[in-house]
Amino acid sequence: MTAVAPPQPASLRQRLSAPTLGAHLAACSIAPRTSEVDHALRRMLDDLGRPGFWQACEHQATLARELFARLVGADVDQVAILPNASVAAYQAAASRRWGRRREILTTYAEFPGIAHVWLARKGMRVRWCGSPPGTVSADDYLAQITDRTGLVSVPLVTYRDSVRLDVRRVADAAHAAGAAVLVDAYQAAGVMPLDVGAMGCDYLVAGTGKYLLGLPGLAFLYVRQPGAGPAPTLTGWLGRAAPHTLRATVLDSPPHARRYETGTPAAAAVYAAVAGLSLVNDLDLQQVRRHTQRLIATTARRLRAQGEMVRMASAPDAQGAHLALVDAHPEAMSVWLGHRGIVTAPRSGVLRLATHAYTTDEDIDAACEAVAAYRHHAGHHRSGTPR
Ligand SMILES: Cc1ncc(COP(=O)(O)O)c(C=O)c1O
Numbered sequence: 001m002t003a004v005a006p007p008q009p010a011s012l013r014q015r016l017s018a019p020t021l022g023a024h025l026a027a028c029s030i031a032p033r034t035s036e037v038d039h040a041l042r043r044m045l046d047d048l049g050r051p052g053f054w055q056a057c058e059h060q061a062t063l064a065r066e067l068f069a070r071l072v073g074a075d076v077d078q079v080a081i082l083p084n085a086s087v088a089a090y091q092a093a094a095s096r097r098w099g100r101r102r103e104i105l106t107t108y109a110e111f112p113g114i115a116h117v118w119l120a121r122k123g124m125r126v127r128w129c130g131s132p133p134g135t136v137s138a139d140d141y142l143a144q145i146t147d148r149t150g151l152v153s154v155p156l157v158t159y160r161d162s163v164r165l166d167v168r169r170v171a172d173a174a175h176a177a178g179a180a181v182l183v184d185a186y187q188a189a190g191v192m193p194l195d196v197g198a199m200g201c202d203y204l205v206a207g208t209g210k211y212l213l214g215l216p217g218l219a220f221l222y223v224r225q226p227g228a229g230p231a232p233t234l235t236g237w238l239g240r241a242a243p244h245t246l247r248a249t250v251l252d253s254p255p256h257a258r259r260y261e262t263g264t265p266a267a268a269a270v271y272a273a274v275a276g277l278s279l280v281n282d283l284d285l286q287q288v289r290r291h292t293q294r295l296i297a298t299t300a301r302r303l304r305a306q307g308e309m310v311r312m313a314s315a316p317d318a319q320g321a322h323l324a325l326v327d328a329h330p331e332a333m334s335v336w337l338g339h340r341g342i343v344t345a346p347r348s349g350v351l352r353l354a355t356h357a358y359t360t361d362e363d364i365d366a367a368c369e370a371v372a373a374y375r376h377h378a379g380h381h382r383s384g385t386p387r
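Going by my numbering, the first residue of the sequence shown is number 1, and it counts up by one from there.
1. What would DSSP say about Gln187, mapped onto helix, strand or coil?
2. Is any heavy atom in ligand 1 found nearer than 7 Å to the beta carbon of Ile114?
3. Taking the straight line between their C-alpha atoms, what separation do you get for Leu218 and His59?
4. Compare the C-alpha of Arg302 against each of Gly263, Glu369, Thr344, Gln286 and name the closest.
5. When DSSP labels each residue in this structure, what does Arg15 get in the three-state scheme?
6. Using three-state DSSP, classify Ser86 as helix, strand or coil.
7. Could you name the residues that DSSP lists as bridge partners for Ser153?
8. Given that a residue counts as buried once 16 or more other Cβ atoms are within 10 Å of its Cβ, and exposed if not, what is Val288?
9. Would you kindly report the start and end of the unbroken beta strand (DSSP E) that includes Phe220?
10. What runs of the alpha helix (DSSP H), each 4 residues or longer, lie entirely inside the region 34 to 65?
11. By the three-class DSSP mapping on this structure, what secondary structure does Thr359 have?
12. DSSP state of Arg100, grouped into three classes?
13. Once the 5 residues before and after Arg387 are set aside, which same chain residues still bring their CB inside 6 Å of it?
14. Would the beta-carbon of Gly349 be found less than 7 Å away from any heavy atom of ligand 1?
15. Where are the alpha helix (DSSP H) runs, 4 residues long or more, that stay fully inside the region 256 to 337, in chain order?
16. Output the distance between the C-alpha atoms of Gly197 and Arg375, rounded to the nearest integer angstrom.
17. Can you determine whether any heavy atom of ligand 1 sits closer than 7 Å to the C-beta of Asn281, and answer yes or no?
18. May I ask you to list the residues that DSSP assigns as paired with Ser131?
19. Suppose you measure from the CA of Trp298 to the CA of Gln55; what does that come to, to the nearest Å?
20. Determine, using beta carbons only, whether Tyr203 and Ala80 come nearer to each other than 8 Å.
21. What does the Cβ neighbour count give for Ala273, buried or exposed, with the cut at 16 atoms within 10 Å?
22. Is Gln187 near ligand 1, judged by its Cβ being under 7 Å from some heavy atom?
23. Give a single yes or no on whether Phe220 has its beta carbon closer than 7 Å to a heavy atom of ligand 1.
24. Is the Cβ-Cβ distance between Glu110 and Pro155 less than 8 Å?
25. Mind checking Pro132: buried by the 16 CB within 10 Å criterion, or exposed?
26. State whether the region 151 to 171 contacts the region 315 to 329, with contact taken as three or more CB pairs (one from each stretch) at a distance under 8 Å.
27. Taking Val157 and Cys201 to be in contact with their CB atoms under 8 Å, please state how far apart those CB atoms are, rounded to whole angstroms.
28. Between the C-alpha atoms of Glu331 and Arg340, what's the straight-line distance to the nearest angstrom?
29. Alpha carbon to alpha carbon, how far is Asp363 from His377? Give it in angstroms, no decimals.
30. Exposed or buried, which one is Arg101 when buried takes at least 16 other CB atoms within 10 Å?
31. Looking only at its chain, what residues have a beta carbon closer than 6 Å to the beta carbon of Ala373, apart from the 5 residues adjacent to it on each side?
32. For ligand 1, is there a heavy atom less than 7 Å away from the beta-carbon of Phe68?
33. Which residues in the same chain have their Cβ closer than 7 Å to the Cβ of Val76, if we skip the five residues on either side of it in sequence?
34. Which of helix, strand or coil does DSSP assign to Met192?
35. Would you please state the rounded distance, in angstroms, between the beta carbons of Leu279 and Arg15? I believe it to be under 8 Å.
36. Let's see if you can read the secondary structure: which residues bound the beta strand (DSSP E) around Ala206?
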């Protein structure tokens, strides 16, 4: 039998649907609209008009767990569906027996919502590595893991500067010291290969609203040993061993990761998750990674030649799929570019330009030219950040 070659990265381009047919460089914030998600949402509305909507929705949730498990190299029983990455992180922490290890090691570069979950945890001390507002390396983690560390929380790719951390090194050191490791892969899932076994993590969280090409409203939690910890106290009927028995007086917890699920998920996000994950699982993610790395290197070179300042990781392999262009008022620049069909993602002091399989060299040309035009405009009108 002849093997079917996975689609070339740029073939995903044909799946983008209007009105995001300009240069969508914002998947680090929100996925572009695709024809698959359009179809999935139409299918959801059709299902809504027929008997058996809940069964159809549950079937989609089952598919979503399976597709995510396949994406990260996990077993489906290690995967739970939750409403967002913050709740997924909360559930991971709730599954720990902390003993005398009362410290969570995180980084200034952590997505704030995840750090807030750690800060809100009673009886725990949060320790920070790297330097504010968001510079961090694996060495920074290694220097701070102690025998008091219970959990090490590592973003696989940092949300602002797009630095890809060597999670395996951190995980090995954490495990040697007796601590568990949680990886926030929201800025990586969908745009590079992920393997929970190779990373050596105990937990991984990722949502569907960005590079996974779905909608916001759904995140996955991977748990290496789902039955090992205490029963979750944030729970609901979907966290039961047999949810459909609906016995109000029985609070059991199955040994698989669905014990961390709570109540009814956002149906639209579930349907969209299946659509997005199907697209992503069809791609050769190694090839996608090479494609985005090449585009990021080109963008950085061009922007620097235009006199721009960009934050780059120390080595190409330590760079995520977006580029952080330094600007004092990135929101203003983003609006200006948006009016010219270039969709970007501003975030505290940087304008993020995110690449994916569908990103083309023409998108990068258009973005670099628009940034130059913006500087020209800002210089004359004193509205942006003239330099
Ligand atoms: C790395 C990372 N983690 C988590 C989130 C979002 O967390 P939540 O799903 O809880 O809103 C984001 C962005 O929105 C992110 O970039």
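We put the CB at the ideal spot given by N, CA and C, even for glycine.
To lay it out plainly:
1. Mapped onto the sequence shown, residue 187 falls at position 187. Note: Gln187 maps to coil in three-state DSSP.
2. Along the sequence shown, read from residue 1 onward, the residue named residue 114 stands at position 114. Proximity of the beta carbon of Ile114 to ligand 1 is indicated: a heavy atom of the ligand is located closer than 7 Å.
3. Here residue 218 refers to the residue found at position 218 of the sequence shown. Here residue 59 refers to the residue found at position 59 of the sequence shown. So the alpha carbons of these two residues sit roughly 15 Å apart.
4. Working through the sequence shown from its first residue, we reach residue 302 at position 302. The option with the nearest alpha carbon to Arg302 is Glu369.
5. Residue numbering aside, residue 15 sits at position 15 when the sequence shown is read from its first letter. Helix.
6. Taking the first residue of the sequence shown as 1, we reach residue 86 at position 86. If DSSP states are grouped into helix, strand and coil, Ser86 belongs with the helices.
7. Stepping through the sequence shown from its first residue, residue 153 is reached at position 153. Leu182.
8. For the purposes of this step, residue 288 is taken as the residue at position 288 of the sequence shown. Under this definition Val288 is a buried residue.
9. Counted from its first residue, the sequence shown places residue 220 at position 220. Segment 219 to 223, the beta strand (DSSP E) holding Phe220.
10. 35 to 48
11. The residue given as residue 359 occupies position 359 in the sequence shown. Here Thr359 sits in coil by DSSP.
12. Position 100 of the sequence shown, counted from the first residue, corresponds to residue 100. Reduced to three states, the DSSP call for Arg100 is coil.
13. Working through the sequence shown from its first residue, we reach residue 387 at position 387. Annotation note: pLDDT 38 at Arg387 (below 50); position unreliable, no value reported.
14. In the sequence shown, the residue the question calls residue 349 occupies position 349. It does not: the Cβ of Gly349 is nowhere closer than 7 Å to a heavy atom of ligand 1.
15. Runs of the alpha helix (DSSP H) inside the region 256 to 337: 267 to 281, 285 to 305.
16. For the purposes of this step, residue 197 is taken as residue 197 along the sequence shown, with counting starting at 1. For the purposes of this step, residue 375 is taken as residue 375 along the sequence shown, with counting starting at 1. Approximately 46 Å, taken between the alpha carbons.
17. The residue you call residue 281 lines up with position 281 of the sequence shown. No, Cβ of Asn281 sits at least 7 Å from all heavy atoms of ligand 1.
18. Translated into the one-based positions of the sequence shown, residue 131 becomes position 131. Paired residues: Thr135.
19. Indexing the sequence shown from 1 puts residue 298 at position 298. Indexing the sequence shown from 1 puts residue 55 at position 55. Checking the displayed sequence, the identity of residue 298 turns out to be Thr instead of Trp. Looking at the two C-alpha atoms, the distance is approximately 47 Å.
20. Position 203 of the sequence shown, counted from the first residue, corresponds to residue 203. Position 80 of the sequence shown, counted from the first residue, corresponds to residue 80. 8 Å or more divides the Cβ of Tyr203 from the Cβ of Ala80.
21. Residue mapping note: residue 273 aligns to position 273 of the sequence shown, counting from 1. It is buried - the Cβ of Ala273 has at least 16 other Cβ atoms within 10 Å.
22. Here residue 187 corresponds to residue number 187 of the sequence shown, with the count starting at 1. Answer for Gln187: yes, Cβ within range of ligand 1.
23. Taking the sequence shown and counting its residues from 1, the one referred to as residue 220 is at position 220. Answer for Phe220: no, Cβ out of range of ligand 1.
24. Within the sequence shown, the letter at position 110 stands for residue 110. Within the sequence shown, the letter at position 155 stands for residue 155. Yes. Within cutoff.
25. Taking the sequence shown and counting its residues from 1, the one referred to as residue 132 is at position 132. When all chains shown are included, Pro132 counts as exposed.
26. yes
27. The count along the sequence shown starts at 1 and reaches residue 157 at position 157. The count along the sequence shown starts at 1 and reaches residue 201 at position 201. Their Cβ separation, rounded to whole angstroms, is 14 Å, which puts Val157 and Cys201 out of contact at 8 Å.
28. Taking the first residue of the sequence shown as 1, we reach residue 331 at position 331. Taking the first residue of the sequence shown as 1, we reach residue 340 at position 340. Going from the Cα of Glu331 to the Cα of Arg340 covers about 14 Å.
29. Position 377 of the sequence shown, counted from the start, is the residue given in the question as residue 377. Position 363 of the sequence shown, counted from the start, is the residue given in the question as residue 363. Computed Cα separation, rounded: 21 Å.
30. Locating residue 101 in the sequence shown gives position 101, counting from the first residue. Buried, because 16 or more other Cβ atoms sit within 10 Å of the Cβ of Arg101.
31. In the sequence shown, residue 373 corresponds to position 373, counting from 1. For Ala373, where only same-chain residues beyond five positions count, there are no Cβ hits under 6 Å.
32. Stepping through the sequence shown from its first residue, residue 68 is reached at position 68. Flag unset: Cβ of Phe68 not near ligand 1.
33. As a first step, residue 76 must be located in the sequence shown, where it is residue number 76. Once the five neighbours on either side are set aside, the close Cβ partners of Val76 are Arg65, Glu66, Ala69.
34. Looking up residue 192 in the sequence shown gives position 192. Met192: strand per DSSP, three-state reduction.
35. As a working mapping, residue 279 is identified with position 279 in the sequence shown. As a working mapping, residue 15 is identified with position 15 in the sequence shown. Leu279 to Arg15, Cβ: 6 Å. Contact.
36. The sequence position of residue 206 within the sequence shown is 206, counting from 1. Run containing Ala206: 203 to 207, per the beta strand (DSSP E) assignment.
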